[in-house]
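Input: a single structure, listed below in structure tokens.
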Amino acid sequence: MTPADLSRTVLHAVRRAVDEDALHAPVPARVRVERTRPGGSGDYACAVALQLAGPAALPALEVARILRERVAAEPGVGRVEITGPGFLSFTLDAPAESDRAVLAAVREQGLAYGHGDALRNEIHQFHHAREVRAAVTAQAVFRLLVAQGARVRTTCAEPPDPDWARLGVTVDAHGTPPVPLTEIRPVPAGATAGELLERLGPDTARWGLLRAAGHDRAALGPELLVQGEANPLFRVRYAHARARALTRGAAALGFTAEAAPYGESPAPYDAAARPLLDLIADHPGVLLAGARHRAPDRVARQLEAVAHAFFDFHDSCPPLPAGDEKPSAAHRTRLAIAEAAGTVLAGGLSLLGIRAPEHL
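When the letters of the sequence shown are read in order and numbered with this note's numbering, they come out as residues -10 to 349.
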């Protein structure tokens, strides 16, 4: 992890603390980290807690504690200490170790990578209008919250549209709730479920309804059906399909991800893999933020970023050997990264209720 990487990690922790209402302060444009001075603790130090203490109306030591618990769990950070009046001091892991830990977690957890129990003790009840975008949004929020351990119930103001079932929507009850419930209120889609299904199909309709933030109008035009890189949904699904094709291609060549022969050390990670590895590591935090803020659009944008980084990585660091080239440790390492990206894409699409085809 470079100083720039660490700066972004700390800034991300500040943003998460603000998003989760643990910290009430403006998010700075950047966070400065410096090499620890002689006699100091750790590899790097940062004074962001002192900077935010005034705006947050909290002691600097309390701000540091809030940020410490969010930074300490990040890949690449071995230890975080609070020193002096509120400085954060960081001791870093070896980059390869933290990256391999992330890839191992994706491999072990599969489509459930990023799921957790952060909201285990929370109970949510949502109420929405008899309108397709509200219904699909409520269902996506339901999935995100359940994936973080929450218990969720949804109700609709009127009997649900029969076509909603084809969009994966279920409603626990309908009618006026006995007590006021949190309302799901995105901007109406302006079309019925039946019209969207006929024109776009279930997966594309769900993406169009969920991709825009709740306060923005959903884009539901024919551009969603274009089979090209200008269409974000196509790009996300194609990146997943390409990742799966790489696994099949590697199997045909007789090798698998990071299964190095005895005596061969794993290859170091290519510099071009850094943006993709960072996005994969960031995925659990995005899912939690999407659940907390009832914002499935955050997940959709994360998937777009992963797909973009995947193709940049794929094009500059081919995971499969070409011509007479034999599979090497580098190919196995690259394949592990590509497979992890495919898993993240499939898992994120699943939470949005969208299929991730193996072939496209």
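Cβ coordinates follow ideal geometry from the N, Cα and C atoms, glycine included.
| message | So, at 7 Å on beta carbons, what are the nonlocal neighbours of H229 in its own chain, with the 5 sequence-adjacent residues on each side left out? | response | Taking the first residue of the sequence shown as position 1, residue 229 is located at position 240. Closer than 7 Å at Cβ, skipping near neighbours: G331, L334, A335 and A345.
| query | Which residues bound the beta strand (DSSP E) around T144? | reply | What you label residue 144 is simply residue 155 of the sequence shown in a count that begins at 1. From DSSP, the beta strand (DSSP E) with T144 extends over R140 to C145.
| request: Compute the Euclidean distance between the alpha carbons of A249 and A93, then round it to the nearest angstrom. | output: The residue you call residue 249 lines up with position 260 of the sequence shown. The residue you call residue 93 lines up with position 104 of the sequence shown. Any reading at A249 needs caution, since the residue's pLDDT is 49, under 50, leaving its predicted position unreliable; the model's value is listed next. Those two C-alpha atoms are separated by around 15 Å.
| query | So which of R155, R206 and H204 has the shortest CA-CA distance to A182? | reply | The residue you call residue 182 lines up with position 193 of the sequence shown. The option with the nearest alpha carbon to A182 is R155.
| What are the start and end residues of the alpha helix (DSSP H) that includes Q291? | The sequence position of residue 291 within the sequence shown is 302, counting from 1. Unbroken alpha helix (DSSP H) run through Q291: P285 to S305.
| request: Kindly indicate which residue of A262, E328, G73 and Y102 has the alpha-carbon position closest to the one of T25. | output: In the sequence shown, residue 25 corresponds to position 36, counting from 1. Among A262, E328, G73 and Y102, the Cα nearest to that of T25 is on G73.
| message | Less than 6 Å between C-beta atoms, sequence neighbours within five positions excluded: which residues of the same chain meet that for Y251? | response | Looking up residue 251 in the sequence shown gives position 262. Since pLDDT at Y251 reaches only 47, below the 50 mark, its modelled position is unreliable, and the value read off the structure follows with that caveat. The answer is none, since no qualifying residue turns up.
| query | Is it buried or exposed for S305, if we count other Cβ within 10 angstroms and need 16 for buried? | reply | Taking the first residue of the sequence shown as position 1, residue 305 is located at position 316. The residue in question, S305, is exposed, as its Cβ has fewer than 16 Cβ neighbours within 10 Å.
| For the candidate residues W153, Q114, H163 and P169, whose alpha-carbon lies nearest to that of R142? | Your numbering for residue 142 matches position 153 in the sequence shown. Selected option, being the one with the closest Cα: Q114.
| Status (buried if at least 16 other CB within 10 Å, exposed otherwise) for I112 | Within the sequence shown, numbered from 1, the residue matching residue 112 stands at position 123. Exposed, by the Cβ-count rule.
| query | Which residues mark the beginning and the end of the alpha helix (DSSP H) in which G336 is found? | reply | Your numbering for residue 336 matches position 347 in the sequence shown. That run of the alpha helix (DSSP H) goes A318 to L340.
| C-beta atoms of L52 and A34 nearer than 9 Å | The residue given as residue 52 occupies position 63 in the sequence shown. The residue given as residue 34 occupies position 45 in the sequence shown. Note that residue 52 is Val in the sequence shown here, rather than Leu. No, these two residues do not count as a Cβ contact at 9 Å.
| In chain order, which continuous runs of the alpha helix (DSSP H) of length 4 or greater are located wholly inside the region 83 to 125? | 84 to 98
| message | At the level of alpha carbons, what is the spacing between L277 and R140? | response | Along the sequence shown, read from residue 1 onward, the residue named residue 277 stands at position 288. Along the sequence shown, read from residue 1 onward, the residue named residue 140 stands at position 151. The straight-line gap from Cα to Cα measures roughly 15 Å.
| Measuring CA to CA, which of A234, T245 and A14 is closest to E347? | Counted from its first residue, the sequence shown places residue 347 at position 358. The shortest C-alpha separation from E347 is found at A234.
| Quick one: Cα of R321 to Cα of A298, how far? | Start at 1 with the first residue of the sequence shown, and residue 321 comes out as number 332. Start at 1 with the first residue of the sequence shown, and residue 298 comes out as number 309. Cα to Cα, the separation comes out at about 19 Å.
| message | With the cut-off set at 9 Å, would you say T80 and G29 are in Cβ contact? | response | Reading the sequence shown from its first residue, position 91 is the one you call residue 80. Reading the sequence shown from its first residue, position 40 is the one you call residue 29. Contact flag unset, no.
| Distance, S317 Cα to L324 Cα | Locating residue 324 in the sequence shown gives position 335, counting from the first residue. Locating residue 317 in the sequence shown gives position 328, counting from the first residue. If you take the alpha carbons of L324 and S317, they lie about 11 Å apart.
| Buried versus exposed call for H272 [16 or more other C-beta atoms within 10 Å across all chains shown] | Start at 1 with the first residue of the sequence shown, and residue 272 comes out as number 283. It counts as buried.
| With C-beta atoms as the reference, is T144 less than 9 Å away from P175? | By one-based count along the sequence shown, residue 144 stands at place 155. By one-based count along the sequence shown, residue 175 stands at place 186. No. Outside cutoff.
| said: What does the alpha-carbon distance come out to for the pair V20 and P148? | reply: Numbered from 1 along the sequence shown, position 31 holds the residue referred to as residue 20. Numbered from 1 along the sequence shown, position 159 holds the residue referred to as residue 148. Their Cα atoms are separated by approximately 51 Å.
| query | Taking DSSP as the reference, what is the three-state secondary structure of L235? | reply | Translated into the one-based positions of the sequence shown, residue 235 becomes position 246. It is helical.
| request: Would you kindly work out how many angstroms separate the C-alpha atoms of P308 and R119, rounded to a whole number? | output: One-based indexing of the sequence shown puts residue 308 at position 319. One-based indexing of the sequence shown puts residue 119 at position 130. Each residue's alpha carbon lies about 48 Å from the other.
| query | Hey, how far is the Cα of G103 from the Cα of G274? | reply | Here residue 103 corresponds to residue number 114 of the sequence shown, with the count starting at 1. Here residue 274 corresponds to residue number 285 of the sequence shown, with the count starting at 1. Cα to Cα, G103 sits roughly 7 Å from G274.
| T159 to S(-4) span [Cα, whole Å] | Within the sequence shown, the letter at position 170 stands for residue 159. Within the sequence shown, the letter at position 7 stands for residue -4. The alpha-carbon atoms of T159 and S(-4) are separated by roughly 43 Å.
| field | Spatially closest choice to R290 from P221, A62 and H1, by CA coordinates | value | If you number the sequence shown from 1, residue 290 lands on position 301. Looking at the Cα atoms, P221 is the closest of the given residues.
| What residues match up with F79 in a beta bridge as DSSP calls it? | Reading the sequence shown from its first residue, position 90 is the one you call residue 79. Its beta-bridge partners are Y33 and V69.
| message | Please identify the residue among G342, V295 and A124 whose C-alpha is closest to the C-alpha of A377. | response | Outside the displayed range of the chain (-10 to 349) lies residue 377, so it cannot be described from this structure.
| task | Taking only the alpha-carbon atoms, compute the straight-line gap between A101 and I343 and give it to the nearest angstrom. | result | Mapped onto the sequence shown, residue 101 falls at position 112. Mapped onto the sequence shown, residue 343 falls at position 354. When rounded, the distance between both Cα atoms is 15 Å.
| task | Measure the CB-CB distance between L198 and L209 and report whether it falls below 9 Å. | result | The residue given as residue 198 occupies position 209 in the sequence shown. The residue given as residue 209 occupies position 220 in the sequence shown. Their beta carbons are under 9 Å apart, which means L198 touches L209 by this criterion.
| message | I'd like to know whether the C-beta atoms of I354 and V95 end up nearer to each other than 9 Å. | response | This structure does not reach residue 354, given that the chain is present from -10 up to 349, and the question cannot be answered.
| message | Taking the straight line between their C-alpha atoms, what separation do you get for R195 and D205? | response | Start at 1 with the first residue of the sequence shown, and residue 195 comes out as number 206. Start at 1 with the first residue of the sequence shown, and residue 205 comes out as number 216. One C-alpha to the other measures close to 15 Å.
| task | Go through its chain and collect everything with a Cβ distance to A123's Cβ below 8 Å, but skip five positions before and after it. | result | By 1-based counting over the sequence shown, the position of residue 123 is 134. Answer for A123: H117, I173, R174, P175 and P177, listed in chain order.
| message | Within a Cβ cutoff of 7 Å, which residues of the same chain sit near S87, ignoring the five residues on either side of it in sequence? | response | Walking along the sequence shown from the start, residue 87 turns up at place 98. P64 and G65, listed in sequence order.
| task | Please list, in chain order, all residues of the same chain as V125 whose beta carbon is under 7 Å from its beta carbon, the five residues on each side excluded. | result | In the sequence shown, residue 125 corresponds to position 136, counting from 1. Answer for V125: L156, V158, R195, L198 and L199, listed in chain order.
| said: Relative to the C-alpha of A232, which candidate in E9, F302, R54 and A127 has its C-alpha closest? | reply: Start at 1 with the first residue of the sequence shown, and residue 232 comes out as number 243. Of the candidates E9, F302, R54 and A127, the one whose C-alpha sits nearest the C-alpha of A232 is F302.
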